[in-house]
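Working notes for the structure below.
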Amino acid sequence: MKILIVYYSMYGHVLRLAEAAAAGVQSVAGAEVIMRRVPDLPFNEDKVRGSKHAQEVLLQQQDIPLCTLDDLRSADGVLFGTPTRFGNMCAQMKALFDQMVELWGQGAMEGKPAGLFVSTATSHGGQETTGYTMMAPLLHLGMIIVGVPYSTPGMLHTEGRGGTPYAATTVAGGRNELTPTPEDLEIAKALGARLAKIAAKLRS
Ligand SMILES: Cc1cc2nc3c(=O)[nH]c(=O)nc-3n(C[C@H](O)[C@H](O)[C@H](O)COP(=O)(O)O)c2cc1C
0 MKILIVYYSM YGHVLRLAEA AAAGVQSVAG AEVIMRRVPD LPFNEDKVRG SKHAQEVLLQ
60 QQDIPLCTLD DLRSADGVLF GTPTRFGNMC AQMKALFDQM VELWGQGAME GKPAGLFVST
120 ATSHGGQETT GYTMMAPLLH LGMIIVGVPY STPGMLHTEG RGGTPYAATT VAGGRNELTP
180 TPEDLEIAKA LGARLAKIAA KLRS
């Protein structure tokens, strides 16, 4: 059973959540992680070139292949990860979504579970809306949304960190200076495991 984890990350926070989600997927017997990233877009390339932080993160990801439509087609379940952009997914991830029109026409994603992970700069900058708004295209594709139930350890909290029922999340800070908390990573791991278990049930 193949679980695709596909993400975009400029400063590494979404990448850390992707790694935690991968550990969760791998904890499920018979689940194989396919890790993929989405490419940058021309408008952002100068910004990446001009940032030491972004350059370092790009280097950390150089061995992760770019996502293809075949990766999506052959997956039994998919975890999508994005930094928030004005409370919504980033354009790089949206470009991948828009390329999925062919899969939509074929019904190729129908019945597959989809989970989400998200990074925002601030506590209220889109922690909930980013995951929530990503659900609309996923429902058009016929995917089955897998969230994070409140029984997951670390979910019942009032601290300034991640953890929403819509998506596993983290707070990156206004200068991207923070790192995901242990709880953020545990919740991303739990989401990975949950998605893999649900994918296995749907296949049987
Ligand atoms: C164009 C743009 C829009 C952004 N919009 C928001 C926003 O609405 N809310 C917020 O909290 N952070 C916003 N951010 C900050 C990013 O979400 C933050 O850098 C990101 O979560 C870090 O994730 P990464 O390290 O994986 O790249 C924005 C950043 C950019 C460049």
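Anchor point for the sequence shown: position 118 equals 117 in numbering that gives the first Met the number 0, and the numbering is continuous, going up by one each time. Glycine included, every Cβ here is placed at the ideal spot set by N, Cα and C.
DSSP state of residue i mapped onto helix, strand, coil
i, result
"C127", "Before going on, a small fix: residue 127 reads as Glu here, not Cys. Correct three-state label for E127: helix."
"R193", "helix"
"I63", "coil"
"T157", "coil"
"M34", "strand"
"N43", "helix"
"G114", "strand"
"F96", "helix"
"P152", "coil"
"R72", "helix"
"R174", "coil"
"A140", "According to the sequence provided, residue 140 is Leu. The question's Ala does not apply to it. In this structure, L140 counts as coil in the three-state DSSP scheme."
"P179", "coil"
"V27", "coil"
"T168", "strand"
"T121", "coil"
"G104", "helix"
"V5", "strand"
"V145", "coil"
Beta-carbon gap between residue i and residue j smaller than 8 Å
i, j, result
"R36", "L184", "no"
"I2", "A107", "no"
"L78", "L194", "yes"
"G80", "V13", "yes"
"M9", "P82", "yes"
"G153", "E127", "no"
"G11", "Q54", "no"
"S118", "T168", "yes"
"G86", "A189", "no"
"I143", "G162", "no"
"V27", "K196", "yes"
"L102", "L68", "yes"
"V145", "C66", "no"
"L140", "M99", "yes"
"P164", "P148", "yes"
"G173", "T121", "yes"
"Y7", "M92", "yes"
Inter-residue CB distance, residue i and residue j (contact presumed, cutoff 8 Å)
i, j, result
"G76", "A166", "The Cβ separation is near 15 Å, so there is no contact."
"I33", "D70", "6 Å"
"G191", "A21", "6 Å"
Closer than 8 Å to chain B by CB, residue i
i, result
"A135", "Structure shown: chain B not included; a single protein chain is present."
ask   = Taking three-plus beta-carbon pairs below 8 Å as touching, is the region 109 to 116 in contact with the region 29 to 48?
value = Taking a cut-off of 8 Å on C-beta distances, the region 109 to 116 does not touch the region 29 to 48, as fewer than three cross pairs fall below it.
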